[in-house]
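In the numbering used here, the protein residues as written are 3 to 313.
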Ligand SMILES: Nc1ncnc2c1ncn2[C@@H]1O[C@H](COP(=O)(O)OP(=O)(O)OP(=O)(O)O)[C@@H](O)[C@H]1O
Ligand SMILES: [Mg+2]
């Protein structure tokens, strides 16, 4: 199946000459949820703005369901819903009118049932006749989503949808994205909350300094890079790893009182039983053992830092 969104070699240099995107390529399948992770200034918003046709790419192409975002802007844009990072709403407008207006912007006829459905889904129906200025911050975020969904887009961009949002609303937001996927909507979201990507994404992309460092299936990524460590605390400090344990590639802790063994949780044999037997045979006494598993957060931090080291 052809990807719903295809980004090819996109570069973006701003007027001041700063190159915020340095050749980004990414294909996104229909119905998929992709989380775009990256530190401040990585180029996430720039990428979204370029894909949505808000800023012009300096080079490269973007197509949405086959429509070129520059040459066939209207056709491409009508398939996209965008929830911007900054809240920009008309304070004196009523909630329901704001959403109706957004629908009209894309040439869709007035359809009260569709607007009602969206407002109900976002728990805004009770507030439909309130002015925007009468809403809480989290409610305003929901209005942004309602607006983005008003013209039944097939691809939804959420630029940090849950920044400054409480835990409950965050979970609501995840549910909404899940429901939209069930309707076949493709979602690309940026986030600084790694647990958010872990919770809802099918694929993870990491961007840093205008370049995509990695795009991978979330589960595969976590299996591939999610190694586990067994930390053996010793009663007496060592100056080096005993020769009898050389096969295990153990790392001696700074204080000399712990041995760290890294293993793959998915492999048939982790080697733990044999290791512990050999530790005992080597005459070492155990004080405690613990295990640690690297999270998506560790993976992300190590990737971004690797990039910095290379620079
Ligand atoms: N209009 C502009 N003119 C010049 N430089 C810009 C402009 N907009 C963004 N930039 C620069 O492009 C880089 C990427 O910015 P962008 O907003 O895409 O980052 P981001 O990944 O969305 O960061 P954040 O997590 O803080 O939202 C930054 O260095 C930023 O200063
Ligand atoms: Mg941003």
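Glycine residues also receive a C-beta, built at the ideal position from the N, C-alpha and C atoms.
Residue from the options with nearest C-alpha to residue i
i: residue 298; options: 246, 216, 251, 288; result: 216
i: residue 29; options: 39, 265, 3; result: 3
i: residue 66; options: 254, 223, 53, 124; result: 53
i: residue 195; options: 168, 256, 214; result: 168
i: residue 235; options: 224, 87, 304, 254; result: 254
i: residue 173; options: 161, 134, 124; result: 124
i: residue 37; options: 275, 245, 160, 289; result: 160
i: residue 157; options: 214, 111, 33, 134; result: 33
i: residue 85; options: 306, 164, 266; result: 164
i: residue 220; options: 233, 203, 231; result: 203
i: residue 292; options: 231, 10, 188, 197; result: 231
i: residue 282; options: 189, 7, 247; result: 247
i: residue 19; options: 35, 60, 31; result: 60
i: residue 237; options: 104, 287, 70, 69; result: 287
i: residue 261; options: 243, 14, 144, 198; result: 243
i: residue 256; options: 245, 9, 239, 265; result: 239
i: residue 62; options: 300, 302, 8, 187; result: 8
i: residue 47; options: 225, 140, 155, 192; result: 192
i: residue 304; options: 108, 266, 40, 16; result: 40
i: residue 241; options: 259, 295, 201; result: 259
i: residue 1; options: 35, 5, 51, 31; result: Since the first residue shown for the chain is 3 and the last is 313, residue 1 is missing from the structure and cannot be characterised.
i: residue 209; options: 106, 88, 308, 31; result: 308
Unbroken alpha helix (DSSP H) run spanning residue i, endpoints
i: residue 198; result: 196-202
i: residue 181; result: 169-184
i: residue 271; result: Where residue 271 is concerned, there is no enclosing alpha helix (DSSP H), given that its DSSP letter is neither H nor E.
i: residue 51; result: 46-53
Buried versus exposed, by CB contacts within 10 Å (16 or more), residue i
i: residue 49; result: buried
i: residue 170; result: exposed
i: residue 251; result: exposed
i: residue 42; result: exposed
i: residue 79; result: buried
i: residue 58; result: exposed
i: residue 45; result: buried
i: residue 111; result: exposed
i: residue 270; result: exposed
i: residue 136; result: exposed
i: residue 83; result: buried
i: residue 184; result: exposed
i: residue 92; result: exposed
i: residue 162; result: buried
i: residue 284; result: exposed
i: residue 75; result: exposed
i: residue 198; result: buried
Continuous beta strand (DSSP E) stretch holding residue i: start and end
i: residue 214; result: 213-219
i: residue 191; result: 188-192
i: residue 25; result: 21-30
i: residue 62; result: 61-66
i: residue 75; result: Note, residue 75: premise wrong, no beta strand (DSSP E); alpha helix (DSSP H) at 75-79.
i: residue 11; result: 7-15
i: residue 230; result: 230-236
i: residue 290; result: 288-295
i: residue 37; result: 35-39
i: residue 82; result: 82-85
i: residue 208; result: 205-210
The region 112-126 touching the region 135-153, judged by at least three CB pairs closer than 8 Å
A contact exists between the region 112-126 and the region 135-153.
Are the region 134-148 and the region 94-114 touching, with three or more C-beta to C-beta distances below 8 Å?
The answer is yes - the region 94-114 touches the region 134-148, with three or more Cβ pairs under 8 Å.
Suppose only complete runs of 4+ residues qualify. What are the alpha helix (DSSP H) ranges in the region 90-170, listed by chain order?
Complete alpha helix (DSSP H) runs here, min 4: 97-107, 114-123, 139-151.
Taking contact to mean at least 3 C-beta pairs separated by less than 8 Å, is the region 127-134 in contact with the region 86-97?
Under the Cβ criterion (8 Å, minimum of three pairs), the region 127-134 counts as touching the region 86-97.
Cβ contact check for the region 202-215 and the region 14-30: 3 or more pairs under 8 Å
Under the 8 Å Cβ criterion, the region 202-215 counts as touching the region 14-30, having at least three qualifying pairs.
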